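Residue numbers for the sequence shown follow UniProt numbering, so the first one is 1 and each next one is one higher.
For glycine and all other residues, C-beta sits at the position ideal for the given N, C-alpha and C.
Predicted model only: the values in this text are computed from it and were never measured.
In what follows, a structure is listed as structure tokens, so that the remarks can point back to it.
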Amino acid sequence: MPCAGSCWQPKGQQVLLPAKRQGYTVLGALNVKGQSFYGRIVEGAVNAHIVVDILSKVSKAITKKTVVVLDNAPAHRAKIVEEHLAMWRKRGLYLQFLPAYSPELNLIEILWKQMKHFWAAPRWIRPQDYSSKTTLYNRVKDIFENYGSKYTIFFW
Numbered sequence: 001m002p003c004a005g006s007c008w009q010p011k012g013q014q015v016l017l018p019a020k021r022q023g024y025t026v027l028g029a030l031n032v033k034g035q036s037f038y039g040r041i042v043e044g045a046v047n048a049h050i051v052v053d054i055l056s057k058v059s060k061a062i063t064k065k066t067v068v069v070l071d072n073a074p075a076h077r078a079k080i081v082e083e084h085l086a087m088w089r090k091r092g093l094y095l096q097f098l099p100a101y102s103p104e105l106n107l108i109e110i111l112w113k114q115m116k117h118f119w120a121a122p123r124w125i126r127p128q129d130y131s132s133k134t135t136l137y138n139r140v141k142d143i144f145e146n147y148g149s150k151y152t153i154f155f156w
């Protein structure tokens with residue numbers, strides 16, 4: 001069932017979307033100043049190897065010192081991630097971990113909220129996008145590929 005912060009339905013009727021909980025996880029890196037975004041759609045859960053792969057690619061692509069803000073997900077704090085910290089620092093990539101249980105401090109949470117919640121306008125992921133795993137994947141991919149032009153968020 002897709003995420004819905006709150007909703008209503010006529011008395012005596014149950015409103016259901018034709019989707020089952022299926023295994024996609026999205027993660028991304030957002031540059032709030034340049035409106036650029038890198039996202040990845042992963043089948044199943046995110047693990048530390050995926051985090052290392054993404055951060056290694058970011059560390060090779062940056063041209064100036066860059067700070068990546070992370071929450072305290074286990075995949076972000078794994079030993080394999082720690083083993084790469086020195087190499088990333090040499091390339092100018094630094095990790096900053098947020099305090100526990102503080103998603104309001106992580107700007108990418110605004111992007112995830114905009115994508116997931118039906119009440120957000122304009123609706124990026126519509127109810128019909130949850131009709132199958134493929135349609136959901138394609139919609140999220142479209143958002144990732146067109147962030148900054150078709151889809152934008154202004155933080156300040």
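Proximity of residue i and residue j at Cβ, strictly below 8 Å
i, j, result
"ILE41", "TYR137", "yes"
"HIS49", "ILE80", "yes"
"PHE144", "LEU107", "no"
Rounded Cβ spacing between residue i and residue j (contact assumed at less than 8 Å)
i, j, result
"SER56", "HIS84", "7 Å"
"LEU70", "PHE97", "5 Å"
"GLY39", "VAL58", "The Cβ separation is near 12 Å, so there is no contact."
"GLN35", "THR134", "Rounded, the Cβ-Cβ distance is 28 Å, inconsistent with contact."
"ARG91", "ILE62", "7 Å"
Residue from the options whose Cα sits closest to the Cα of residue i
i, options, result
"HIS64", "MET87, LEU93, ILE108", "Here residue 64 turns out to be Lys, not His, going by the sequence shown. Ranking the options by Cα distance to LYS64, first place goes to LEU93."
"MET115", "LYS150, ASP71, VAL46", "LYS150"
"ASN47", "ALA86, ARG123, TYR24", "TYR24"
"GLU43", "PHE154, PHE155, VAL140, GLU145", "VAL140"
"GLU109", "VAL51, ALA29, LYS90, ALA86", "ALA29"
"ALA73", "ALA45, TYR130, SER132", "ALA45"
"MET87", "GLN128, TRP124, LYS60, PRO127", "LYS60"
"ALA78", "LYS113, SER132, VAL51, ARG89", "VAL51"
Exposure of residue i, with buried meaning 16 or more beta-carbon neighbours within 10 Å
i, result
"LEU111", "buried"
"VAL67", "exposed"
"TYR130", "buried"
"TYR101", "exposed"
"MET1", "Low per-residue confidence applies at MET1: pLDDT is 44, beneath 50, and the placement is therefore not dependable enough to give any value."
Write down every uninterrupted run of the beta strand (DSSP E) in the region 44-108 whose length is 3 residues or greater and which is fully enclosed by it, in chain order.
With a minimum length of 3 residues, the continuous beta strand (DSSP E) runs that stay inside the region 44-108 are 66-70, 93-97.
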